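Report on one structure; see the data block that follows.
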Ligand code: ATP
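In our numbering, the protein residues as written are 87 to 551.
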């Protein structure tokens, strides 16, 4: 496993310095497991969402979108199995009271355990490794017993009794339950027929025991999930097709294939037919980015039982009635964000100077173009640059910068991944060479090459370049 802590530090520091990611509640000393996206971060996150939505909804004829509520009837989480089974194995250090994920400590010690094993099984594996496993905080080996810890986050929504722990409502632990409970609504209100999918992007909440690794493991996270409802006998064919599509999605985003890896789940939950993760080569090694799962008809059957509502489907052609099976693709927006920062972070030398550059593809770049007047103290240059900026800002996310020398302004834009910089100079005003009137210099982020472009052709040029 390749690890690169220096790269991680550089990304975290760049993300803070340039307003991509801030620690949550930083002025209060932080709030574990939460992060805030700053001005460039929110642009990048929005672009990641838009790319996912384009691929999963816009370009898929039989997938529709949904935005379901974060709060649901508490029975949803009983039906889904989260109230009884959504837990991770927790172990506490007796020396410093730090709580850790037992399966992660076991993994770090070179053995295997996961949350699907029984707590007795995990304890047996853990006990066999007690000599090897050290507390990540204090380095001691004094652990208690491994216990199950439920990850659902509870709330007092709608409960005024003062004792809301008795009948808690839950913040959703995953977005897909909102999809299952709307299966019938979507079926009855749109022209979809099985096979069809429902896609959703939204917040989910998990009481993660040890939120670490920056935005990789959060307590408040955003998921981008798609559930495809299929005929039982088609499940595995559809599943394999989605495995291919999701792999290709990352290549189309511009990821190098060597930074992606498939990981098959060792233990499957009893209803699942198959579960593979796409892992990404994060600076701390290959870790789960996305899960692609064949879930049988468990989800709809459970909600049918708990709600008492018929969630079966009547095939209009064959007249067969069945509960559709589900193929799921599920990826974290935050993990994609970190993968994108990792993938496109680069340092190189341009014009004899070393620089940091985020080589984002245009679709992901927070700012698509930056506009500079050559000199800040020449009102004619500034006025023309403002005119060009206003024109471009109507079509794409643009930034105006008149601060410092041009070289510095280029470096600033390279660091946030802006693909093109446009400079308005005296030629633009027709002062030096009349044939260059109303042209600007467009400088390319990756090569540093400069091209003279007519202002009237600038939008087209930037869209294509
Ligand atoms: P892990 O094994 O890393 O805890 P998981 O298997 O619990 O993840 P899923 O429940 O399959 O994850 O969730 C689907 C996706 O949601 C994951 O592939 C990941 O991208 C994202 N995700 C899950 N938990 C978190 C988290 N705590 N913080 C950020 N993203 C998360």
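No residue lacks a Cβ here, since even glycine has one placed at the ideal position from N, Cα and C.
Small disclaimer: the values here were computed from a predicted structure and weren't measured.
Inter-residue spacing [alpha-carbon to alpha-carbon] between residue i and residue j
i: residue 485; j: residue 291; result: 34 Å
i: residue 258; j: residue 494; result: 45 Å
i: residue 191; j: residue 315; result: 37 Å
i: residue 95; j: residue 352; result: 32 Å
i: residue 183; j: residue 203; result: 24 Å
i: residue 146; j: residue 311; result: 14 Å
i: residue 390; j: residue 121; result: 37 Å
i: residue 317; j: residue 503; result: 44 Å
i: residue 280; j: residue 119; result: 39 Å
i: residue 244; j: residue 156; result: 14 Å
i: residue 386; j: residue 266; result: 6 Å
i: residue 532; j: residue 289; result: 35 Å
i: residue 481; j: residue 339; result: 22 Å
i: residue 160; j: residue 255; result: 5 Å
i: residue 87; j: residue 360; result: In this prediction, residue 87 scores a pLDDT of 44, lower than 50, which makes its location untrustworthy; no coordinate-derived value is stated.
i: residue 547; j: residue 448; result: 13 Å
i: residue 461; j: residue 93; result: 36 Å
i: residue 509; j: residue 459; result: 6 Å
i: residue 336; j: residue 172; result: 29 Å
i: residue 232; j: residue 412; result: 33 Å
i: residue 108; j: residue 125; result: 10 Å
i: residue 104; j: residue 201; result: 38 Å
i: residue 333; j: residue 381; result: 19 Å
i: residue 473; j: residue 128; result: 26 Å
i: residue 384; j: residue 325; result: 16 Å
i: residue 150; j: residue 420; result: 23 Å
i: residue 199; j: residue 368; result: 21 Å
i: residue 158; j: residue 225; result: 42 Å
i: residue 27; j: residue 89; result: This structure leaves residue 27 out entirely; the chain is present only between 87 and 551.
i: residue 511; j: residue 526; result: 7 Å
i: residue 246; j: residue 240; result: 14 Å
i: residue 347; j: residue 236; result: 29 Å
Reduced DSSP secondary structure (H/G/I, E/B, other) of residue i
i: residue 394; result: coil
i: residue 139; result: helix
i: residue 230; result: coil
i: residue 312; result: strand
i: residue 87; result: Unreliable positioning characterises residue 87 in this predicted model, as indicated by a pLDDT of 44, which lies under 50. The coordinate reading is nonetheless provided below. Looking at residue 87 - three-state DSSP - the assignment turns out to be coil, as it is neither helix nor strand.
i: residue 214; result: helix
i: residue 558; result: Nothing about residue 558 can be reported from this structure: the residues present for the chain run from 87 to 551 only.
i: residue 339; result: helix
i: residue 258; result: coil
i: residue 584; result: Here the chain has residues from 87 to 551 only, and residue 584 is not among them.
i: residue 151; result: strand
i: residue 416; result: strand
i: residue 159; result: coil
i: residue 442; result: strand
i: residue 274; result: helix
i: residue 102; result: helix
i: residue 324; result: helix
i: residue 517; result: coil
i: residue 450; result: coil
i: residue 385; result: helix
Residues that DSSP places opposite residue i in a beta bridge
i: residue 347; result: 365
i: residue 371; result: 368
i: residue 357; result: None, per the DSSP bridge assignment.
i: residue 407; result: 400
i: residue 530; result: 506
i: residue 183; result: For residue 183, which the question treats as bridged, DSSP gives no partner whatsoever.
i: residue 377; result: 363 and 416
i: residue 525; result: 540
i: residue 236; result: 173
Continuous beta strand (DSSP E) stretch holding residue i: start and end
i: residue 485; result: 484-486
i: residue 423; result: No beta strand (DSSP E) holds residue 423; the alpha helix (DSSP H) holding it covers 419-430.
i: residue 536; result: 536-540
i: residue 510; result: 506-510
i: residue 193; result: Element bounds for residue 193: not the beta strand (DSSP E) but the alpha helix (DSSP H), 188-194.
i: residue 282; result: 282-291
i: residue 302; result: Unbroken run through residue 302: none, as it is neither H nor E.
i: residue 456; result: 455-459
i: residue 123; result: 121-123
i: residue 108; result: 107-109
Boundaries (first-last residue) of the alpha helix (DSSP H) holding residue i
i: residue 493; result: 492-502
i: residue 144; result: Unbroken run through residue 144: none, as it is neither H nor E.
i: residue 240; result: Not the alpha helix (DSSP H): residue 240 falls in the beta strand (DSSP E), residues 239-241.
i: residue 545; result: 544-550
Any non-hydrogen atom of ligand 3 closer than 7 Å to residue i Cβ
i: residue 374; result: With respect to ligand 3, the structure shown offers nothing to examine, as its ligands consist of ligand 1.
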